[in-house]
Amino acid sequence: MKLVIIKKWYLNSILLIIMVLVVLMFFSWKFDFDWQVNSTGYFIRDEFPPLVFLPKCELGPRITANASVLLETKSGMVIYTKNSELRRAPASTTKMMTAIVALEKGRLNQEIKVSRLAAGTPGSSIYLRSGERLTLKQLLTGMMLQSGNDGSIAVAEGVAGSMDDFVKLMNLKAKEIGALKTNFRNPHGLRAPSHYTTALDLALIARYGLSNPHFARLVKQRQAVLEWIEGRAGKVEIKNTNRLLWYLEGADGVKTGTTNEAGKCLVASATRYGKQFIAVVLNSPDRWGDCARLLEYGFQGFTTVKIANQQESVGQLPVINGAQATVELYPRVDLTAEVRKGEEKLIIRKISIFSPELTAPVRVGQVLGKIGYEYQGQFVAGVDLIAKKPIRRLRRWFWW
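So the sequence shown is numbered by the working numbering: it starts at 8 and just counts up by one.
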């Protein structure tokens with residue numbers, strides 16, 4: 008009898024463990040990978056910033072990377088994904104955020120003295136020595152082109168006073184950009200507990216960085232010359248670690264990264280005919296080939312449909328009791344959609360006006376409607392229609 012009781016307890020325990028594992032697997036799939044399911048419609052990520060994932064974005068070229076993503080810069084549309092929200096070590100792609108914060112918080116002509124901590128930083132280096140002085144511009148150049156870990160510490164200390172205070176700024180900026188699954192512990196990307204990101208977050212960070220002209224000019228340089236203010240005579244020539252800048256048409260960024268934990272990583276961008284794509288590959292045995300294939304896939308397989316131009320009125324509304332009889336409706340920002348070639352006619356522009364007429368006054372920036380687009384009956388994305396000029400109320404005088 009005792010033996011039977013033990014067996015029942017043992018079997019019940021096994022069944023309970025199996026049930027718990029099944030539930031955990033279901034929720035993991037449900038919340039992390041739902042959007043990767045082969046779909047005929049667009050997937051919209053509602054978290055800031057809202058992102059539009061192309062239908063069947065899990066289909067594309069053969070990619071060897073553990074995680075990857077392809078994003079069109081202007082529209083922010085995600086063209087291809089592979090484990091794009093899987094948490095990964097970022098290695099030196101971290102330095103994109105270091106450069107962003109430094110450019111926004113520091114001054115390019117600011118003189119920075121190299122500390123012992125900076126000079127002693129292991130890994131890739133621009134061979135700084137304690138006590139030397141360089142401008143922030145020179146340090147950023149060495150950090151982004153030659154991936155100098157020592158330069159990143161010098162930048163952090165020079166801009167924020169300490170590495171820890173600078174890292175706080177990095178994490179605040181990540182949340183502001185919408186890189187919600189990213190956490191930094193240092194400015195260079197060497198292995199550290201809880202230092203992680205995702206391919207999608209890195210694409211968002213790169214997209215934000217490339218909107219800054221100083222950042223964009225910095226990351227597209229193939230080579231540069233470093234000069235010291237104090238501590239070293241002469242000049243040092245350095246080359247960008249991003250090989251795609253030499254052989255991929257239109258390549259203009261962004262950053263390499265390599266550690267034992269992260270593997271070989273690359274955030275790459277290219278621009279052709281006014282259109283720019285960002286490709287991210289993490290832990291890739293063939294990072295150059297992977298990014299080149301992704302970028303070519305974007306340029307060769309997709310076309311841009313212009314939905315709205317912020318400089319062009321899309322209509323008028325009558326204004327009651329106003330100094331002007333009508334108000335022009337303008338998109339708040341440009342709106343474009345990336346679609347597979349041959350599917351352009353599936354994108355249908357839609358305009359929604361909140362009211363058939365207005366009563367003065369009308370304020371600048373007042374939201375009057377929305378313009379967007381549909382794909383096979385699904386509303387995908389839209390932007391506000393606003394007034395760009397104020398319209399005052401007419402004063403009427405009556406005498407009896």
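For glycine and all other residues, C-beta sits at the position ideal for the given N, C-alpha and C.
- Cβ contact annotation for R114 (same chain, cutoff 7 Å, sequence separation greater than five): L143, in chain order.
- Assigned with DSSP and collapsed to three states, N116 falls in coil, not helix or strand.
- Separation of V288 and G67 (C-alpha to C-alpha, rounded to the nearest whole angstrom) is 14 Å.
- Assignment of beta-bridge partners to L289 by DSSP yields A74.
- The Cβ-Cβ distance between L152 and K246 falls below 9 Å.
- Contact between the segment 273-290 and the segment 230-242 is not established, with fewer than three Cβ pairs separated by less than 8 Å.
- Beta-bridge pairing by DSSP links N190 to Y203.
- When secondary structure is reduced to three states using DSSP, F361 falls in the coil class, being assigned neither helix nor strand.
- Here L401 carries a coil assignment [DSSP, helix/strand/coil].
- Short of 6 Å from the beta carbon of K242, and not among the five residues preceding or following it, lie these beta carbons of its own chain, in chain order: V232, E234.
- Rounded to whole angstroms, the gap between the alpha carbons of P129 and L302 is 33 Å.
- Relative to the Cα of V59, the nearest Cα in the group Y215, T71, E79 belongs to E79.
- When Cβ pairs closer than 8 Å are counted between the two stretches, the segment 187-203 is seen not to touch the segment 213-226, the count staying below three.
- Burial check for K271: the Cβ neighbour count within 10 Å reaches 16 or more, so the residue is buried.
- For the options E65, R69, C64, the alpha carbon positioned closest to that of C298 is the one of R69.
- In the three-state scheme derived from DSSP, where H, G and I count as helix and E and B as strand, Y382 is classed as strand.
- Our two residues, N290 and L197, have alpha carbons roughly 15 Å apart in a direct line.
- For secondary structure counted as the beta strand (DSSP E) over 3 or more consecutive residues, the segment 109-171 holds these complete runs in sequence order: 118-120, 140-142.
- Take the alpha-carbon of L392 and the one of C64: they are about 30 Å apart.
- Judged by DSSP in its simplified three-state form, S276 adopts strand.
- Beta-bridge partners of I327 (DSSP): T366.
- Annotated three-state conformation of E351 is helix, per DSSP.
- In the pairwise beta carbon analysis, the segment 324-337 is classified as not touching the segment 101-114: fewer than three pairs are separated by under 8 Å.
- For the pair I212 and V76, the Cα-to-Cα distance works out to about 13 Å.
- When secondary structure is reduced to three states using DSSP, G241 falls in the coil class, being assigned neither helix nor strand.
- For E303, the enclosing alpha helix (DSSP H) starts and ends at 294-308.
- When DSSP states are grouped into helix, strand and coil, T248 belongs to the coil group.
- Per DSSP, the continuous alpha helix (DSSP H) segment holding P220 begins and ends at 220-226.
- With fewer than 16 neighbouring CB atoms inside 10 Å of its own CB, R136 falls in the exposed class.
- Within the same chain, T333, V334, E335, L336 come within 8 Å of Q323 by CB-CB distance, once the 5 residues on both sides are set aside.
- Counting the other CB atoms within 10 Å of its CB gives S91 a total of 16 or more, which places it among the buried residues.
- In the DSSP assignment, F60 falls within the beta strand (DSSP E) that extends over 58-60.
- Taking a C-beta distance under 9 Å as the contact criterion, A344 and I354 qualify as a contact pair.
- In the structure shown, K395 adopts coil according to DSSP, grouped into three states.
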